[in-house]
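Visitor:
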Amino acid sequence: MLTGGEVAALVAAVVWAVLATFLCVALVKLIKLINAATRVVSEMGDRTPPLMEDMSSTVERANTSLERVEEITANMQSSSEDVSTMTALTRSVFTGPLVKIASFSYAVRRVMGQRRTLALVRTRKRKEEAR
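Read in order, the letters of the sequence shown are residues 52 to 182 in this note's numbering.
(1) So what does DSSP say about M163, is it helix, strand or coil?
(2) State the DSSP-derived secondary structure class of L53, mapped to helix, strand or coil.
(3) For G11, I'd like the list of residues in its chain whose CB is within less than 7 Å of its CB, leaving aside the five on either flank, ordered along the chain.
(4) Could you check the C-alpha separation between P101 and V120 for me, to the nearest Å?
(5) Kindly list the residues whose CB is nearer than 8 Å to the CB of L171, restricted to its own chain and excluding five residues on each side of it in sequence; keep chain order.
(6) Quick one: Cα of M127 to Cα of S135, how far?
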């Protein structure tokens with residue numbers, strides 16, 4: 052039979068053997084994980100230059116489009132200023148004479164209205180005198 056110390060040593064040896072097995076399994080899995088990560092990083096390194104080239108061409112196209120938009124904006128601003136100038140010129144050319152015509156027509160209507168009123172008053176006086 053085994054003594055107490057031998058049983059304890061045997062149990063300790065089995066525990067260390069199981070622990071070493073678990074550590075070996077964990078270490079193998081860790082190595083597989085590191086290998087997979089290395090492959091992913093390597094693939095990313097292979098895919099990155101084409102992506103950077105695509106991004107570069109996209110940025111160049113966007114820059115070209117922005118330059119066109121800038122030109123269009125400048126042209127619109129110039130056109131807007133031209134329209135503003137034409138509006139001011141048209142207003143100055145037509146507003147003065149239109150105001151004069153409007154005031155003249157108002158004066159003529161007022162005089163005609165006063166003449167009608169005066170004519171009505173005279174007609175009534177004549178009718179009253181005739182009675």
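The beta-carbon is built from N, C-alpha and C at its ideal position, and this holds for glycine as well.
Guide: Reading it off the structure:
(1) Residue state for M163 is assigned as helix, using DSSP reduced to three classes.
(2) coil
(3) Residue 11 lies beyond the stretch modelled for the chain, which goes from 52 to 182, so this question has no answer here.
(4) 29 Å
(5) none
(6) 12 Å
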